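> Before I ask anything, let me first share the structure, which is written out below as structure tokens.
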Amino acid sequence: MVIIRLARGGSKKRPFYTIVVSDQRRQPKGKFIERLGFYNPMANENEEPIRLNEDRIEYWIKNGAKPSERVAHLMRQKKSEAVSAA
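If you read the sequence shown in the working numbering, its first letter stands for residue 8, the second for the next number, and so on.
Written out as structure tokens, the structure is:
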């Protein structure tokens, strides 16, 4: 099964997550199919905390990929930010 999930990067006490599409059986930091964006929980005010390639996320979901709980939460958060900004 293909899953959309977070792969942790960054350094100690400074997490940085890449949103990737990978096979569920692979390790989160292992090989992935495609990189779809990033999440920086430690972003400053002038930095973008979440970036998503929404077209590709829609493509993968239509083809059977299932987002993890955290990725689904980040997608909802990004949509609510876009609605409130408009």
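Note that beta-carbon positions come from the ideal geometry of N, C-alpha and C, so glycine has one too. For clarity, every value in this text was computed on a predicted model and none was experimentally measured.
1) Residue 48: which of 35, 70, 16 sits nearest, CA to CA?
2) Which residues in the same chain have their Cβ closer than 6 Å to the Cβ of residue 39, if we skip the five residues on either side of it in sequence?
3) Taking residue 51 as the reference, give the member of 23, 86, 61 with the closest Cα.
4) Tell me whether residue 75 sits in a helix, a strand or coil according to DSSP, three-state version.
5) Sort out for me which residues DSSP pairs residue 13 with in a bridge.
With the given structure in hand:
1) Numbered from 1 along the sequence shown, position 41 holds the residue referred to as residue 48. Cα-wise, what sits closest to residue 48 is 16.
2) Taking the first residue of the sequence shown as 1, we reach residue 39 at position 32. If we look at residue 39 and ignore the five residues flanking it on each side, its Cβ neighbours are 27, 29.
3) In the sequence shown, counting from the first residue as 1, residue 51 sits at position 44. Nearest option by C-alpha distance: 23.
4) For this step, residue 75 is matched to residue 68 along the sequence shown. Coil.
5) Position 6 of the sequence shown, counting from 1, holds the residue named residue 13. Bridge partners of residue 13: 26.
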